[in-house]
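Residue numbers (this note's numbering): 393 to 770.
Here's the structure, in structure tokens; my notes come after.
The following block contains the structure:
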């Protein structure tokens, strides 16, 4: 076996085990996400207070970015350590050391197990694969593990923005909390964005009508009427829509990964065939909306990239789903507290969904559908 053949065989084995570790980390995060989020809140609270002190001393202007940054070199020293950073427009992109850190030991344990297994497997090749080749390649495989820190901070956001220290922090017109890597402001993922300078309804509708690829990712759209629009195929991944009127709009075959609809009017919106892993429609009006043949299940893996989709399921808590349709949908939905009179679940795969026990007699379901749902008390 020559070196190229050995490397190909080795990486196939290593990626298979990487995916096993990612699945294990995914399962762990699904069980412990609330506690993980709770553990993040105190250090973020301290950091918000620190940022407020900087502003009181005129050492920081209005904040535009709070960043939780992976210290990659520390990861290979045995610590999944994240440094908390704060920027205004003048300091954005600069690098400075902050004493505020969060150690994601729960991420490191899975990465370390995989990393050690790779080293053990490398030794079986009797020197054909040099250690520096493995070290370089392992550094390229950090992201599938690191993304769970992104998920964790995103899951903690509602608690973070309710903190008095966060409320006291002076923020710029566009503000975001993001998770990334130290020293690179471009390679980071926004988990919360707030834009106080919003487009008018007309301008927003014209902007969305263009359906530009990747244009709306992480955007915050609020207080606009964009109803009766044709947005078929639009990509609204990670977009936050707040108090938006979308009634009667066409969003067939759209991409809504982690999209967050907050107090929106989505009545009679057609979402037919859309992909909406982990989308949230809490407290929204979805009366007579169409979710036929949408994809929004849980625990789906892209094995090439080691990425899992569907951590929380699609959130419908408190939503008005009267006469909405989910025919032939694949969805793990949280329907607790939703209004489900006349909701059509014909042919839907509801595995992993949650409903209130009181609604068992209200919804029309097949026996297999009933068995696939987790029924809970209020």
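Ideal Cβ placement from N, Cα and C applies to all residues, glycine included.
Identify which residue in the options has its Cα closest to the Cα of residue i.
i: residue 602; options: 615, 581, 671 and 626; result: 626
i: residue 477; options: 467, 469, 458 and 532; result: 458
i: residue 604; options: 685, 614, 722 and 623; result: 623
i: residue 572; options: 726, 558, 535 and 550; result: 535
i: residue 655; options: 665, 680, 647 and 614; result: 614
i: residue 528; options: 429, 680 and 464; result: 464
i: residue 570; options: 674, 742 and 546; result: 546
i: residue 533; options: 743, 645 and 699; result: 699
i: residue 479; options: 629, 702, 444 and 653; result: 444
i: residue 723; options: 759, 686 and 753; result: 686
i: residue 492; options: 507, 432 and 484; result: 432
i: residue 486; options: 537, 576, 706 and 496; result: 576
i: residue 669; options: 705, 653 and 680; result: 705
i: residue 560; options: 761, 733 and 437; result: 437
i: residue 498; options: 759, 467 and 482; result: 467
Please report the straight-line C-alpha distance between residue i and residue j, rounded to a whole angstrom.
i: residue 713; j: residue 730; result: 7 Å
i: residue 413; j: residue 531; result: 16 Å
i: residue 441; j: residue 555; result: 10 Å
i: residue 582; j: residue 671; result: 16 Å
i: residue 736; j: residue 420; result: 33 Å
i: residue 725; j: residue 415; result: 21 Å
i: residue 400; j: residue 407; result: 11 Å
i: residue 751; j: residue 689; result: 21 Å
i: residue 720; j: residue 593; result: 34 Å
i: residue 738; j: residue 505; result: 44 Å
i: residue 348; j: residue 740; result: Since the first and last residues shown for the chain are 393 and 770, residue 348 lies out of range.
i: residue 596; j: residue 695; result: 37 Å
i: residue 549; j: residue 584; result: 7 Å
i: residue 600; j: residue 676; result: 20 Å
i: residue 490; j: residue 501; result: 24 Å
i: residue 770; j: residue 637; result: 30 Å
i: residue 619; j: residue 641; result: 6 Å
i: residue 588; j: residue 425; result: 30 Å
i: residue 629; j: residue 513; result: 38 Å
i: residue 684; j: residue 702; result: 18 Å
i: residue 753; j: residue 644; result: 31 Å
i: residue 537; j: residue 417; result: 8 Å
i: residue 616; j: residue 635; result: 7 Å
i: residue 524; j: residue 649; result: 37 Å
i: residue 430; j: residue 422; result: 14 Å
Taking 8 Å as the limit between beta carbons, can you name the residues of its chain near residue i, skipping five residues before and five after?
i: residue 678; result: 658, 659, 661, 708, 711, 712, 713 and 716
i: residue 395; result: 520 and 521
i: residue 768; result: 728, 746, 747, 748 and 749
i: residue 411; result: 693, 695 and 698
i: residue 446; result: 452 and 478
i: residue 403; result: 529
i: residue 526; result: 510, 511 and 514
i: residue 673; result: 653, 656, 658, 706, 707, 708 and 711
For a cutoff of 8 Å on Cβ pairs, would you count residue i as touching chain D?
i: residue 502; result: This model lacks chain D altogether; it includes just one protein chain.
So, for residue i: in the same chain, excluding its five sequence neighbours on each side, which residues have a beta-carbon less than 6 Å away from its beta-carbon?
i: residue 631; result: 608, 611 and 651
i: residue 586; result: 567 and 612
i: residue 756; result: none
i: residue 494; result: 435 and 474
i: residue 428; result: 544
i: residue 743; result: 764
i: residue 667; result: 647 and 687
Near residue i, what residues of its chain come up, given a Cβ to Cβ distance below 7 Å and the 5 sequence neighbours on each side ignored?
i: residue 558; result: 440 and 552
i: residue 461; result: 474, 475, 477, 572, 573 and 574
i: residue 398; result: 517, 520 and 521
i: residue 682; result: 662, 663, 664 and 717
i: residue 507; result: 530
Comparing the CB of residue i with every heavy atom of the ligand ZN, is any distance shorter than 7 Å?
i: residue 433; result: The model on display carries no ligand, and the ligand ZN is accordingly not part of it.
Stretch-stretch touch, CB-based, cutoff 8 Å, three pairs: the region 540-548 with the region 459-474: yes
Does the region 552-564 come within contact of the region 451-466, defined as at least 3 CB pairs closer than 8 Å? yes
List in chain order: all unbroken alpha helix (DSSP H) runs of 4+ residues lying wholly within the region 445-530. 464-467 and 497-515
In chain order, which continuous runs of the beta strand (DSSP E) of length 3 or greater are located wholly inside the region 550-585? 563-573
For the region 699-726, list the beta strand (DSSP E) runs that are entirely contained and at least 3 residues long, ordered along the chain. Entirely contained in the region 699-726, the beta strand (DSSP E) runs reaching 3 residues are, in chain order, 699-701.
Taking only runs that begin and end inside the region 621-680, name each unbroken beta strand (DSSP E) of 3 or more residues, in chain order. 632-634 and 652-654
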